[in-house]
Amino acid sequence: MRQLLAPALATWLASTASAAPDGWLDVHECGASGSEFSTTAQTIAGSKEITVADVGDFRAGQGVTVSKCNPHYTFCTLRPPENPFSTNPLGDAAELRGFDGSAGSWLVFLLEVDGANPLTFRWSDDLTRTWNGTRVPITFDWQPLSGGVEIKVNKRDLQPGHIIAFAARDQLVTKVEAVAGNALTLAHPATRTAKDAVVRHCDDEALQAAITRAVQEKRRVLIPAGRYRLTKSLVVTNAASIVIEGASGANTLLDISEGHGGCIRLQGGTEAVIRNLRMVGHTGLGEGPGWRSFRTSSGRACWPVGLKPCHAISIRNTERVLIENVHASRMNCEAFYCQGDARSGTREPKAYTKSLTYLRCSATDCDGNAFNNNDLAENTSVLYCRIVDVGGCSWEGASRFVRFIGNYLRNAGPVAMGNIGSRAAHLEELGSGQHIVADNVFEGRCFYAGRAGRPMVTAAAATQVIITNNLFVNFNSTGIALRNVSSERMLPAEI
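Residue numbers for the sequence shown follow numbering that gives the first Met the number 0, beginning at 0 and rising by one.
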């Protein structure tokens, strides 16, 4: 019998060995470097060739960033008085000039019209921590700001509350086309001569190519250990069963400290898994404006961190998503963020967020929120996570059927449930903010927007909330505040 089985077993093993790969796509196949290496370089305005101090591991085809050699303006917007979150392009409403990078490689400006008859503005270059000028008359000619930057406002029908926002950067994002000795030929020329530019690897294009290919080929994405620098978000659109996995949560790093937005953005799709990654941004606790807003001259709330955002993962209209062993630090907006469509009573959109689970994740040394559902997503679970030194909320959400269980929190903002300023009729049919907050450990204090002493667990306009079996250790803030209040904009809570 053994002799009869042996040939059959050998044939089966041979067929198994020759089968297609197991479905993993290594991002190195698409040109990602994962390299920490950087060097200095000399650039010449108008030239694609730069001379580096050390060619290191740079190779043709790889993405790179080069500092100090490309002064330009980006994310230039004109926001109407009724919507400070608008991203309408600035167009010809104003002109900009003068930025050369001498005052910093990344400046962010906000100008708000604060008076009429005559038109005046106030402005800030530090995300409104301070206002450098108020009631400054608009001359419709060139007017100085800071860092050599000047603005000329052209639009004459502005109103109080109008916002002009823009960023000034000196970074060139490009690719290496050729390597010869210590000379790199780039795909794009420098626009400024620099003697001490810094050249770094940039892996977002290669990683995006891997993700796009994996979605098309129904494969899983493997990101080996390394440091992958990003200048923009990696976008996963309408994927049907996708896995993006690092080698480990300690040694696979997505670095968006020089970029804008989130490391990974999920848009639609079903069955996504993101695991074993570390993600780092550009603003640690206390290094930015904090999680606070200001009132515009039209009475609207505006959060200035949105002008220079970084977060780990953002999610919209997905179904069955698992985020596991993903660790975020130095994020100034929400580390983990969800915003999308939702049910309105019995009316159900074609796609909305259902079943989102965070397991064994962490948010540490962040100036913004840790976890935030800014929508009515259903069945979000934050399980066995660590939240330490976070300047915004540990959790904020008016979402439905939320579980916040088994987490550890220290020196972080509140677990804020509800907070939905609406009396929409559909909320009488199906409420919001249903939560179970259980088996968590809260140590030290509640710390929010630069201030200590707020309640650690709060519920306002939330329905059917259960808070049980939580442990407060050496705690010197209020533990639980159930704000069973109502207003013209807020339904009463049901605790």
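From the three backbone atoms N, C-alpha and C, an ideal C-beta is built for every residue, glycine too.
On a predicted model such as this, the values are computed, not experimentally measured, just so you know.
Within the continuous beta strand (DSSP E) that includes residue i, where are the two ends?
i    : result
E244 : 233–245
V456 : 456–459
I162 : 162–168
I465 : 464–467
L171 : 171–179
W122 : 119–123
N439 : Unbroken run through N439: none, as it is neither H nor E.
S328 : 318–328
V63  : 62–65
G267 : 260–279
W130 : First-last for W130: undefined, no H or E at that position.
N371 : 370–372
E111 : 105–114
Residue i and residue j: beta carbons closer than 9 Å?
i    : j    : result
S354 : I386 : no
G103 : E149 : no
G198 : S66  : At residue 198 the sequence reads Val, which differs from the Gly that was named. Yes.
G495 : D202 : Past the edges of the chain, shown from 0 to 494, lies residue 495, and the structure says nothing about it.
G90  : L109 : no
G147 : D99  : yes
E244 : L276 : yes
L95  : V107 : no
E204 : K47  : no
T269 : A238 : yes
N539 : L144 : Residue 539 is absent from the model: the chain starts at 0 and stops at 494.
I273 : L221 : no
D388 : N410 : yes
N439 : G405 : yes
A59  : T50  : no
Y357 : V325 : yes
S34  : G225 : yes
V112 : I162 : yes
V464 : G432 : yes
If we count the other Cβ atoms within 10 Å of its Cβ and call it buried at 16 or more, is residue i buried or exposed?
i    : result
N468 : exposed
V304 : buried
F120 : buried
S328 : buried
W290 : buried
G261 : buried
H187 : exposed
G449 : exposed
T10  : Because the pLDDT of T10 is 38, which lies under 50, any placement of that residue in the model is unreliable, and the question is left without a value.
K307 : buried
S240 : exposed
A459 : buried
I466 : buried
S123 : buried
F370 : buried
F403 : buried
M0   : Reliability fails at M0, whose pLDDT of 38 lies under 50, so the model's placement of it is uncertain and the value that follows must be treated cautiously. By the 10 Å Cβ count, M0 comes out exposed.
S14  : Confidence is the limiting factor: at S14 the pLDDT is only 35, short of 50, which leaves the residue's position unreliable and the question unanswerable from this model.
V472 : exposed
A423 : exposed
A249 : exposed
L408 : buried
Where does residue i sit, in a helix, a strand or coil, going by DSSP?
i    : result
A7   : In this prediction, A7 has a pLDDT of 42, which is less than 50 and means its spatial position is unreliable; what the coordinates show is noted afterwards. Looking at A7 - three-state DSSP - the assignment turns out to be helix.
H425 : helix
L306 : helix
D140 : coil
R78  : strand
R212 : helix
V26  : helix
D203 : helix
T15  : Summary for T15: the model assigns pLDDT 34, below 50, so the residue's position carries little reliability, and this model does not support an answer.
D388 : strand
E149 : strand
R1   : Model confidence at R1 stands at a pLDDT of 38, short of 50, so the residue's coordinates are unreliable; what they give is reported in the following sentence. Helix at R1.
S380 : strand
S496 : The structure shown does not extend to residue 496, since the chain is modelled only from 0 through 494, so no value can be given for it.
S46  : coil
G396 : strand
I314 : strand
D340 : coil
L253 : strand
T184 : strand
Starting from residue i, trace the alpha helix (DSSP H) both ways and give me its first and last residue.
i    : result
L408 : Looking at the DSSP string, L408 is not in any alpha helix (DSSP H); the run it does join, the beta strand (DSSP E), is 407–411.
Assuming residue i and residue j make a contact with CB atoms under 8 Å, what is their CB distance in whole Å?
i    : j    : result
E428 : G344 : 4 Å
C392 : A415 : 5 Å
A311 : F293 : Going by Cβ atoms, the distance from A311 to F293 rounds to 26 Å, so no, they are not a contact pair.
N82  : D169 : In fact, because the Cβ distance is near 30 Å, the residues do not count as touching under 8 Å.
Nearer than 8 Å: is that true of the beta carbon of residue i relative to any heavy atom of the ligand ADP?
i    : result
E204 : You won't find the ligand ADP in this model; it holds no ligand whatsoever.
Determine, using beta carbons only, whether residue i comes closer than 9 Å to chain D.
i    : result
T269 : This model lacks chain D altogether, as it is built from one protein chain only.
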